[in-house]
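First the structure, in the form of structure tokens, and then the observations on it.
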Amino acid sequence: MHTRTLTTAFLATVLVVTPALGQNLVGRVVDAESEQPLEGVRVVLLDGERNEFGGTFTDDAGRFVLAVPRSGEWLLSATLIG
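Here it is, written out as structure tokens:
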């Protein structure tokens with residue numbers, strides 16, 4: 003099993019409705035060379051100590067949506083195994 007390093011293109015940005023309603027991070031993961039969308043990529047939101055605060059997989063168009071639990075600095079990890 004190989005882990006493939008991804009160069010990601012996040013075409014959307016953080017959408018802030020109001021602090022009371024929460025925030026979502028919306029994006030798209032594509033192959034760095036072909037620019038084709040990547041399906042099944044595990045996208046994880048991490049805090050500064052690398053604690054996981056949510057994760058999802060990309061759909062067939064490479065899109066994902068993650069809920070951001072609170073304001074602050076976050077890391078985004080994208081991994082495709084195969």
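First residue of the sequence shown? That's 3 in the numbering used here, and the numbers climb one at a time after it. Glycine is no exception: its CB is placed at the ideal position from the N, C-alpha and C atoms. Since this is a predicted model, take the numbers as computed values, not measurements.
{"Asked": "Can you check whether the CB of Gly42 is closer than 7 Å to the CB of Phe66?", "Found": "no"}
{"Asked": "Could you give the distance in angstroms between the alpha-carbon of Val31 and the alpha-carbon of Leu78?", "Found": "12 Å"}
{"Asked": "With 16 other CB atoms within 10 Å as the buried threshold, where does Thr60 fall?", "Found": "buried"}
{"Asked": "Can you give me the C-alpha to C-alpha distance between Leu82 and Glu75, rounded to a whole angstrom?", "Found": "24 Å"}
{"Asked": "Applying the criterion that 16 or more other CB atoms from any shown protein chain within 10 Å of the CB defines a buried residue, is Gly50 buried or exposed?", "Found": "exposed"}
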